[in-house]
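Report on the following structure.
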Amino acid sequence: MAAPTEAQLVAALADVYSGKTAGPDGGPGTAVLRFGYDDGLMYALEVACGGDVRFEEWSDRDCEIALANPRHMRALPEADALQLWRWLALRQVAKIRSQPWLSDG
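Its first residue numbered 1268, the sequence shown is counted upward by one per residue in our numbering.
Shown next, in the form of structure tokens:
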């Protein structure tokens, strides 16, 4: 699958932050950007309404073995969430890892 365009990233986050996206239980929705390699490593960056962000790293595309505990941020501004997604789309995982993630998970 091709990487999303900048316009698609912006539109998806706008829907999440505005509350237009609903979860399966009817509650606030989320959007997840995933990036992985055919032969291994998978990364997922989920953004929820209100700016809660979760970053996960996996050893394989089936997400069977976590490489690290999930990282979290709370109340992240939409522009900052977009920057994280841009970095993931550009495969700049080290920049994502270096952000001020919460230590309490």
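The C-beta atom is built at its ideal place from N, Cα and C for all residues, glycine as well.
Just so you know, these numbers come straight off a predicted model, no measurement behind them.
Under the DSSP definition of a beta bridge, which residues are partnered with Trp-1325?
For the purposes of this step, residue 1325 is taken as residue 58 along the sequence shown, with counting starting at 1. In the DSSP secondary-structure assignment, Trp-1325 is bridged to Met-1309, Ala-1333.
Quick one: Cα of Trp-1354 to Cα of Thr-1297, how far?
What you label residue 1354 is simply residue 87 of the sequence shown in a count that begins at 1. What you label residue 1297 is simply residue 30 of the sequence shown in a count that begins at 1. Computed Cα separation, rounded: 19 Å.
Report the option in Ala-1333, Leu-1349, Gly-1318 whose CA atom is closest to the CA atom of His-1339.
Within the sequence shown, the letter at position 72 stands for residue 1339. That would be Gly-1318, whose Cα lies nearest to the Cα of His-1339.
Starting from Ala-1379, trace the alpha helix (DSSP H) in both directions and tell me its first and last residue.
Residue 1379 is absent from the model: the chain starts at 1268 and stops at 1372.
Top-ranked residue by Cα proximity to Ser-1285, from Leu-1300, Glu-1345, Glu-1331:
Counting from one through the sequence shown, the residue named residue 1285 turns up at place 18. Ser-1285 has its Cα closest to that of Glu-1345, out of Leu-1300, Glu-1345, Glu-1331.
Count the other CB atoms, across all protein chains shown, that sit within 10 Å of the CB of Val-1320; report buried if there are 16 or more and exposed otherwise.
Here residue 1320 is taken as the residue at index 53 of the sequence shown, counted from 1. By the 10 Å Cβ count, Val-1320 comes out buried.
Please name the residue, chosen from Gln-1359, Asp-1347, Leu-1357, that lies closest to Pro-1367 on a Cα-to-Cα basis.
Here residue 1367 corresponds to residue number 100 of the sequence shown, with the count starting at 1. When C-alpha distances from Pro-1367 are compared across Gln-1359, Asp-1347, Leu-1357, the shortest belongs to Asp-1347.
Among Ser-1326, Leu-1343, Ala-1279, nearest to Asn-1336 - alpha-carbon criterion
Stepping through the sequence shown from its first residue, residue 1336 is reached at position 69. The shortest C-alpha separation from Asn-1336 is found at Ser-1326.
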